[in-house]
Structure formats: C-alpha cells, structure tokens
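Chains as they are written, first to last, in this note's numbering: chain B, 1 to 351; chain S, 352 to 702. Here's the structure we're looking at; comments come further down.
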C-alpha cells in the first residue's frame, strides 16, 4: 500500500489524481491523502469506476497557502495531506509515501513523523543522473538549501551505501561538486567538506566540475541541496533548450525539417534520458521509511512512475537494508570526522 | 594594445601562445606576459616570423605552483604574469587584460593592481548565456565562491547597468537564481538577497529556477560565484552530453547515422550556441580597467576570441561608461539597502 499526497505539486490535484489512477489500474494499492471535495470529483471525472480500483481516499482539511513557507506550514498544520500520509506510513498502514509537494516541507514532516535513521543529522534527496557511460547518484537535490560540512560527509556515506546496494559496486567512487577539480577550489563549505571526506575511508576521488559529471569519473556526487537543485534543473533546462534550438534551426530549411522528423525516435530517446517525468522521483535518504519525492512540476506520468518506484523500493526491501548499513557507516565515520579542524564559514583572503 | 597572460589556463602556454598569434595576425597589437624560456620557442615554432607581428614579450620569472592556492600565490609572488600584465594595464601601456588563469587569482590581482570601482565590494564575472529568445547576462560565474547578500545586490546593479549598455534595454529584468520560483525558496543567502533586491528600484522579477533561464523571462540572472560556475559548466556539460548521446543512439542504426551526418550543420550551430570556445571569455565587472577572463580549459580559438572581445570592449569604450553608471547606481542604492534587516546566515527551522 502506497500513501500518495494528491495535494502536492504545481499541477495538483489534477495531475496527481490522474497519475494515481494510472498506477492503481496497474494494480498498485493506494491511499490518497487530500481534500475530498476536490479529489472525489476528479477521481469520478477521470475514471468513473474508480471505486473498483484499489484506492482508498483519506480527507485532509488543512491546506498550506501558496504564499506561506511550506516548512513552517507543516509544523503548524497537522491535518495536511503530507503529515497525514506520513502518519499512515509510520503506523504501518502504508509502506511508502509519494509526494510532489515542496521538498523542504516533505523533509521536515518526514523527520518529525517517521523519524531519522540514528546518527543522521539531515536527510537528503538523492537520484540517479544519466552519464555517457551509465549513471551516477547525486545528492542532495533540494532538501537542504543550507548545509554544514558535516552534512555533506553524511551525504557521501548515504550515496556510497545506496550505490553499493542498488548497483552492486564494491567501492563506489565519491566526488564533491565544486567550481574546479583542484583541491583548493570551492566555497568554504566545499573546502571544509573536502577535508572531512578525505579523512573517511570512502573511495573519495576529490572535486568534480559540473561539466564532468557526465564523464563517468564518479559513482556518487555530493553537494548541498541548493547547488544540487540548480544543477538538476540546469541539466533539464539545457536538454530541453538544445532540443528547442534544433527544431528552431531545422525550421529554417525543409530538408533539415524532414531530417529532424526522421531522426525523431532518436531525439525522443535522448530526451527521455534527462526527462524527470520518466525517472519518477527521488528518494529521501536518512529517514526510517521509504519517502519518494517527485518533481514539483510533475505531470501525471511522473506521479505514476514515482508510485511504481516507491512500490519497487518496498518490494525489494531497499530501505531496511540501506538504513542498517548507513547507521553502521555513520557510527564508524563519526570518530574520524571529529579530529578535523574546520575553517570558519566566511574566512576569505583580505584584499 | 592588449596584455595577455600566456601562462594561465589548463593548456598554457601552448594554446595561449597559438591563440595570441592568431589574434596578432588579424592585427591586434599584444604584449604577452610569461616565462620567455617557454614562450619564445613556442612563438618561433608556431609562427617563425612572429617578430613581424605586433607582439611584444615581457618575461615574468614567478610561477604559481600547481598545488598552491593561486589567490595566495598572487598575493605573494609579484613577478607573475597576471600581476605584471595588470600593471601594464594600470600604467596605460596596455588597455585591457586577457587571462585563462584561475579566476579567483585574476580577481584578487585585479582588485589590488587596477583597483575596484568606488563603492564595489567584490568584482564579479559576467557573461551572456543563450536563451530560446536571445540571451541573458549571468553573474557571478566564479570570482566569488562565498558571497554575502550585499554582494548579490551589487551584482544585480552590475548586470542591470551592463545589459542596458550593451543591449540597449531600457529596464532589464533582474532575476535571482534559486531552487524554486517562489519567494520563500532559497538558501539563507538567496532569501536575504531577495529581500535586499526587492527594496531597490531595479526591475526585479524575483526568483528564477535553473530550468527556466532559457525561457527568456529575465535579462539578468544574479547568483553567487560557486552556483554560477556550477550552472555554467552544467549547461556546457549537458549540451555536450546530449550531442554525445545522439551520436551514440545514431550509431546503432545505419539510417540514423546517415541522418545525423546530414543534419550535422544543424548540430554544429546548436553546439556553437553553448560553446564557450566561441563566446570568448567573460568580463570582470567592478574593476577600473577591462579584464577578460577566458575559461580555464580554453583552447587557442577561445583565447583568440577573448582577445577580440577585449579589443572590442576597448574600441567601444565600454568600461568607462559602465563604471561611471555603476558608481552612480551603487551610491543611490546604498541608502535603500541599509534599511533592510537580514536574517542570520544559518538560521533554520529546528526539527
């Protein structure tokens, strides 16, 4: 049973409801959390026989206003779809949670309701990004816009443990996203995180530039949630822009237009590679239960994929194994990290 | 006369020397700064009659070691190519400086040798990025990995003044790069900068996501140097990856391969759009003289383009006009900004 927040995301509840219906039609049992006055008519509209599907609907009265900070909203409004859905996961009624809502809000609520894995300071959002040779796991993609160096070290452990588990790589190579590959490059946050991660027994390959993440030189890329989010959306935006420019260039000549039309299956395959609608959400790592965060601009197809991903995570018992490994790693790493002396956050060369 | 640092960049001095030779052959008078024992043989190798070109060579003894922080190196080593070249610009012997060296080092040296425009806290690297409707100006692209909110406000003024001057837009729209378009999104730095920029009389259109920078909704995008650098290199990396994936997909079928071959002129035009080799460097804004920073991985062609760009900036008297406008804007903006109360750098909701 997957708990779905049908009120979260830019196109909620319409797209979330449609996405949930598609997943339920494929046999995934769901509990939807949202305002029944809005959700029920949509269910009936998109699939009149929706009551024949494995769908349960739980009414949640609270709505977090568009102009309020969702994280603060979560802490104040206890009858929101996010909080109620997480409570269902915590109680065991559902096994995983899917939301396209504000990722900061989901993280805050998950931390409170299902709790962090012992030793975890901050949970992080992680997802695989395509490379020219396969894929790499990048985190944090948005849960923590402000980070301390210790968080990044923990993200490194999370990425390491997750890639080991999912891709069966014995020693995943961990890199730190920076503004240059040299060890002296980076913000103070990155420089301090560099020193800390160097001291762990992880396979640390140093700084990596955003330009080189596609090259396959790393299996895990660690960054703060602000930069990770900019990187992810920058990749998506660029891929779309490149496609748009191609169409634009092609439109100037009939021959090019025909060529591009013929090459369309190829373009579509490339587009799918970077299309978040098909990757189906990212995992919130460091909390006790499976929480899948779909992109805020998710359309129904992305919601469906996120639900399938959550179901797969449950079926394969990913989280219990991952959380157990993470706890051991963090315990082991804690002592090493304490020995490193950090530089103050804004120390700079005086000019 | 353009002063060129031929020791800076990943492929220096070979590519820098070749790039300079190409520019000199087109009639741009140059003074090259570098180790003559290395540079002289290269000049003779690539262009035996180089003494017939408008090229002067100034020997600089100091070399900043690969493993030392270049910013600290600059402050200690006074006979480096960067410092000596900037001194030539300051004295009036040269009118602009071009370097593919470490951007932090160039900024530090420029701040010391040619000085900041009165009122400027930190100079910033700015460049135009392509959008689907034209281009936007983005800064900082790497000079300041750690920023305070006040720096970002100044970057907003710089971008505004530069775009007005270059693109003749009466009221350039200024946006702040963030992890969401909502006003409550962002790191503490971005949230504070948002409040500050809102108080100015700039045409502030709020937060912009990395995904939307290609959409043409803004003329100026402001960010810190770390994030800007990740964004820029992420765009370049993605564009390259998309091209690589297309070739890869095409290689699986003869028909697709032929199609892609026929569509090659189209692909090349798109590639050039995001290819920094052709944009020819970015301007360091906020210092008294024209300083052009080429990408660290610049090949000869990019160096040549950066020299042409520097020459154009000199010919069109861009910097004197820009600096005068900037000084007035900063003076006017200073009083507004002082009234805004900022939140502490790491304040977060306690979980």
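A virtual CB, placed ideally from N, CA and C, is assigned to each residue, including glycine. On a predicted model such as this, the values are computed, not experimentally measured, just so you know.
Query raised in the report: Does any CB atom of chain B fall closer than 9 Å to the CB of residue 428 of chain S?
Result: no
**Report entry** Of the residues S:451, S:527, S:508 and S:492, the one placed nearest residue 679 of chain S, counting alpha carbons only
**Finding:** S:508
Query - Bridge-paired residues (DSSP) for residue 56 of chain B - result: B:31, per the DSSP bridge assignment.
**Report entry** Per DSSP, cross-strand counterpart(s) of residue 557 of chain S
**Finding:** Bridge partners of residue 557 of chain S: S:526.
Query raised in the report: Within the chosen definition, does the segment 317 to 331 of chain B reach the segment 37 to 52 of chain B through at least 3 CB pairs nearer than 8 Å?
Result: no
Query - Minimum C-alpha distance to residue 296 of chain B - residue among B:152, B:129 and B:141 - result: B:141
Requested in this report: Verify the CB distance criterion: does residue 535 of chain S have a CB-CB separation below 9 Å to chain B?
Outcome: yes
Requested in this report: Could you name the residues that DSSP lists as bridge partners for residue 633 of chain S?
Outcome: S:644
Query raised in the report: From the beta carbon of residue 356 of chain S, is the nearest beta carbon of chain B less than 9 Å away?
Result: It does not: the Cβ of residue 356 of chain S has no partner Cβ on chain B nearer than 9 Å.
Query raised in the report: Given that residue 239 of chain B touches chain S, what residues does it touch there, using C-beta distances under 9 Å?
Result: 589, 590, 592 and 593
**Report entry** Coarse secondary structure for residue 681 of chain S, derived from DSSP in three states
**Finding:** helix
**Report entry** Cβ neighbour criterion (16 or more within 10 Å) applied to residue 382 of chain B
**Finding:** It is not possible to answer for residue 382 of chain B, since the shown part of chain B is limited to 1 through 351.
Requested in this report: Please look up how many angstroms separate the CB atoms of residue 97 of chain B and residue 85 of chain B, rounded, as I've assumed it's under 8 Å.
Outcome: 5 Å
Requested in this report: Report all residues from its chain with a CB closer than 6 Å to the CB of residue 298 of chain B; omit the five preceding and five following residues, and keep chain order.
Outcome: 9 and 100
**Report entry** Three-state secondary structure (DSSP) of residue 412 of chain S
**Finding:** In the structure shown, residue 412 of chain S sits in coil (DSSP, three-state: anything other than H, G, I, E or B).
Query raised in the report: Are the C-beta of residue 15 of chain B and some C-beta of chain S separated by less than 9 Å?
Result: no
Query raised in the report: Beta carbon of residue 36 of chain B: closer than 8 Å to some heavy atom of the ligand FAD?
Result: The ligand FAD is not part of the structure shown, which contains no ligands of any sort.
Query raised in the report: Comparing the C-beta of residue 233 of chain B with each C-beta of chain S, is any distance below 9 Å?
Result: yes
**Report entry** Distance, residue 502 of chain S Cα to residue 467 of chain S Cα
**Finding:** 13 Å
Query raised in the report: residue 153 of chain B and residue 219 of chain B: beta carbons closer than 9 Å?
Result: No, the pair does not count as a contact, with Cβ atoms beyond the cut-off.
**Report entry** Neighbouring residues, chain S, relative to residue 298 of chain B (Cβ below 7 Å)
**Finding:** Residues of chain S passing the Cβ test: none, with the nearest at roughly 13 Å.
**Report entry** Inter-residue Cα distance where the pair is residue 269 of chain B and residue 600 of chain S
**Finding:** Our two residues, residue 269 of chain B and residue 600 of chain S, have alpha carbons roughly 8 Å apart in a direct line.
Query raised in the report: At what residues does the alpha helix (DSSP H) containing residue 564 of chain S begin and finish?
Result: Careful: residue 564 of chain S lies outside any alpha helix (DSSP H) and carries neither H nor E.
Requested in this report: Give the DSSP-derived three-state secondary structure of residue 253 of chain B in the structure shown.
Outcome: coil
Requested in this report: Note down the Cα distance separating residue 79 of chain B from residue 320 of chain B, rounded to an integer number of angstroms.
Outcome: 28 Å
**Report entry** Proximity test, Cβ basis, 9 Å: residue 638 of chain S and chain B
**Finding:** no
Requested in this report: Please determine, among B:267, B:217, B:48 and B:313, the residue with the shortest C-alpha to C-alpha distance to residue 134 of chain B.
Outcome: Nearest in C-alpha terms to residue 134 of chain B, of all of B:267, B:217, B:48 and B:313, is B:217.
Query raised in the report: What number of angstroms, rounded off, separates the C-alpha of residue 127 of chain B from the C-alpha of residue 136 of chain B?
Result: Their Cα atoms are separated by approximately 8 Å.
Query raised in the report: Hey, is residue 531 of chain S's beta-carbon within less than 9 Å of any beta-carbon in chain B?
Result: The beta carbon of residue 531 of chain S sits closer than 9 Å to some beta carbon of chain B.
Query - Best match in B:113, B:223 and B:71 for proximity to residue 288 of chain B [C-alpha to C-alpha] - result: Here the closest residue by C-alpha is B:113.
**Report entry** In DSSP terms, what residue 125 of chain B is bridged to
**Finding:** B:284
Query raised in the report: Taking the C-alpha atoms as reference points, what is the distance between residue 199 of chain B and residue 176 of chain B?
Result: 14 Å
Query raised in the report: What three-state label does DSSP hand residue 145 of chain B in the structure shown?
Result: coil
**Report entry** Whole-angstrom distance between residue 111 of chain B and residue 523 of chain S, CA atom to CA atom
**Finding:** Cα-Cα distance, rounded: 42 Å.
Query raised in the report: How would you label residue 587 of chain S, buried or exposed, when you count the other beta carbons within 10 angstroms and need 16 or more for buried?
Result: buried
Query raised in the report: Which whole-angstrom value describes the C-beta separation of residue 592 of chain S and residue 132 of chain B, a residue pair presumed to lie in contact below a C-beta threshold of 8 Å?
Result: 6 Å
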